[in-house]
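Student: The structure follows.
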Amino acid sequence: MTDAAAPAIRARVEAQELYDQGYRGQGVGVAILDSGFLPRNGFDPRVIEERDFTGEGRPRHSSNWHGSTVATCLSVLAPETRLGNFRVIPAEAPMRREDVIAALDAVVAAFPTYRIANLSLSFAPEGCPDACPLCQAVERAYRAGVLVVVAAGNEGPAPDTLTCPARAHWALTVTATLPETVNDYWRDHRWARIWAQHVTGRFGRSYGTSYSAGYMSGQAAMLFSAFPGVSADTLRFALLEAARVAETEGRATASTAQAHAQLARLQGLVRIGAIVTKSNALFPMVEKF
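Using UniProt numbering, the first residue of the sequence shown is number 1, and each one after it goes up by one.
Next comes the structure, spelled out in structure tokens:
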């Protein structure tokens, strides 16, 4: 990402103040389940693990820029995160659900090394969420304490266009929008979602929920570094609340500052629980200590 673009991106998601205070993802591990990423933009010193789940034997793949772009999006907001390079997208063959499941299970086994798993990938829904092994793997990871950030797919905004595993219970599902269509994009309210914004980066002009998810993982890493003891459950709740405020105000992005303020309040006042219905709606229950 160009140096000139980064401050504008942080301003867009209201993250510059936290960034200036030093909350840049330090002490937070993020597993990126993608096509693999290359050693650019200072990634190498931060990579703590590289694994290939495709069977091709190479965690780094030079001809697919997707994983590198996702890692760059995350790093604009949280350049001090520790990164896991988990390659699940093959060079030529179709991506397989079982490879993504194996990678997610590896993230769970390593917890708390990785507090966040970023899945900027999608499959056609098959039995989602309750009869889908991949959606179930997302739920296992979440219940183990991992915040699972998932791209919604790029088939919206018609109803029922979320892909797999974006339909998983407890996935933090991320959409994308253009400024002029903030109130029209991804109107399927049965699914929790976060508004995020595409930007122009070093790797070219790119759009879509894959990169929105990368930015959301960066926001989450900043918040985990500000509140090291917070649970994935509480952090998810705070981000959802920030997204709801953004939608009410007609803005395209969830405010990192708003989520930070929500977390500060929750840390001192409340304990959060939640009920998930079959439609995956979130009903927060607040209980005072």
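Even glycine gets a Cβ: it sits at the ideal position worked out from N, Cα and C. Fair warning: this is a prediction, and the values are worked out from it, not measured in the lab.
According to DSSP, is PHE123 helix, strand or coil?
Tutor: Strand at PHE123.
Student: What would DSSP say about ILE116, mapped onto helix, strand or coil?
Tutor: Residue state, collapsed to three classes: strand.
Student: Are the stretch 102 to 117 and the stretch 26 to 34 touching by the rule of at least three beta carbon pairs closer than 8 angstroms?
Tutor: Cβ pair count under 8 angstroms is three or more, so yes.
Student: Go to LEU240, then tell me how far its alpha helix (DSSP H) extends in each direction, as first and last residue.
Tutor: Here the alpha helix (DSSP H) through LEU240 covers 232 to 248.
Student: Considering only residues of the same chain and omitting the five flanking positions on each side of PRO129, which have a CB-CB separation below 6 angstroms?
Tutor: Around PRO129: CYS135, ARG167, ALA168 and HIS169.
Student: Counting pairs of Cβ atoms below 8 angstroms between the stretch 45 to 63 and the stretch 138 to 151, do you hit three or more?
Tutor: No contact exists between the stretch 45 to 63 and the stretch 138 to 151.
Student: Cα-Cα, which of THR175, VAL150, GLY156 and PHE237 is closest to ALA164?
Tutor: The residue you asked about is not Ala; residue 164 is Cys in the sequence shown. If we check each option's Cα against that of CYS164, VAL150 comes out closest.
Student: Count the other CB atoms, across all protein chains shown, that sit within 10 Å of the CB of GLY201; report buried if there are 16 or more and exposed otherwise.
Tutor: Unreliable positioning characterises GLY201 in this predicted model, as indicated by a pLDDT of 38, which lies under 50. The coordinate reading is nonetheless provided below. Buried, by the Cβ-count rule.
Student: Do you know offhand how far ALA15's Cα is from ALA264's?
Tutor: Taking the straight line joining both Cα atoms gives about 15 angstroms.
Student: How many angstroms separate the CA atom of GLN262 from the CA atom of GLY27?
Tutor: Cα to Cα, GLN262 sits roughly 21 angstroms from GLY27.
Student: Please confirm whether VAL13 and TYR211 have their CB atoms less than 8 angstroms apart.
Tutor: Not closer than 8 angstroms, so no.
Student: What does a CB cutoff of less than 7 angstroms around ALA226 pick up in its chain, not counting 5 residues either side in sequence?
Tutor: Excluding positions up to five away in sequence, the list reads LEU18, TYR23 and HIS260.
Student: Can you tell me which of the three DSSP states ALA31 falls into?
Tutor: Strand.
Student: Using only the alpha-carbon positions, how far apart do ALA124 and ARG46 sit?
Tutor: Approximately 33 angstroms between the Cα atoms of the pair.
Student: Report the rounded CA-to-CA distance for LEU266 versus ARG51, giving the unit in angstroms.
Tutor: Roughly 37 angstroms separates the two Cα atoms.
Student: Hey, quick one: how far does the alpha helix (DSSP H) through ILE101 stretch, first residue to last?
Tutor: Residues 97 to 110.
Student: Among the residues of its own chain, which have a CB less than 8 angstroms from the CB of ALA257, if the five just before and after it don't count?
Tutor: Cβ within range, chain order: GLU14, ALA15, GLU17 and LEU18.
Student: According to the neighbour-count rule (16 or more other Cβ atoms, all chains shown, within 10 Å of its Cβ), is ILE194 buried or exposed?
Tutor: No answer about ILE194 holds up, because its pLDDT of 40 lies below 50 and its placement is not dependable.
Student: Excluding five sequence neighbours on each side, which residues of the same chain lie with their C-beta closer than 6 angstroms to the C-beta of ALA137?
Tutor: For ALA137, where only same-chain residues beyond five positions count, the Cβ hits under 6 angstroms are ILE101 and LEU104.
Student: Can you have a look at GLU249 and say buried or exposed, based on whether 16 or more other CB atoms are within 10 angstroms of its CB?
Tutor: So GLU249 ends up on the exposed side.
Student: How is the beta strand (DSSP E) around THR173 delimited, first residue to last?
Tutor: 172 to 174 is the extent of the beta strand (DSSP E) around THR173.
Student: How far does the alpha helix (DSSP H) with ILE89 in it reach, from first residue to last?
Tutor: Where ILE89 is concerned, there is no enclosing alpha helix (DSSP H), given that its DSSP letter is neither H nor E.
Student: Near ALA242, what residues of its chain come up, given a Cβ to Cβ distance below 6 angstroms and the 5 sequence neighbours on each side ignored?
Tutor: Once the five neighbours on either side are set aside, the close Cβ partners of ALA242 are ALA254, SER255, GLN258 and ALA259.
Student: Among THR161, LEU38 and VAL146, which has the Cα closest to the Cα of PRO112?
Tutor: It is VAL146.
Student: Tell me, which residues are paired with ALA151 by DSSP?
Tutor: In the DSSP output, where bridge partners are listed per residue, ALA151 has VAL174.
Student: Give a yes or no on whether the C-beta atoms belonging to ARG97 and LEU172 are separated by under 8 angstroms.
Tutor: Their beta carbons are not under 8 angstroms apart, which means ARG97 does not touch LEU172 by this criterion.
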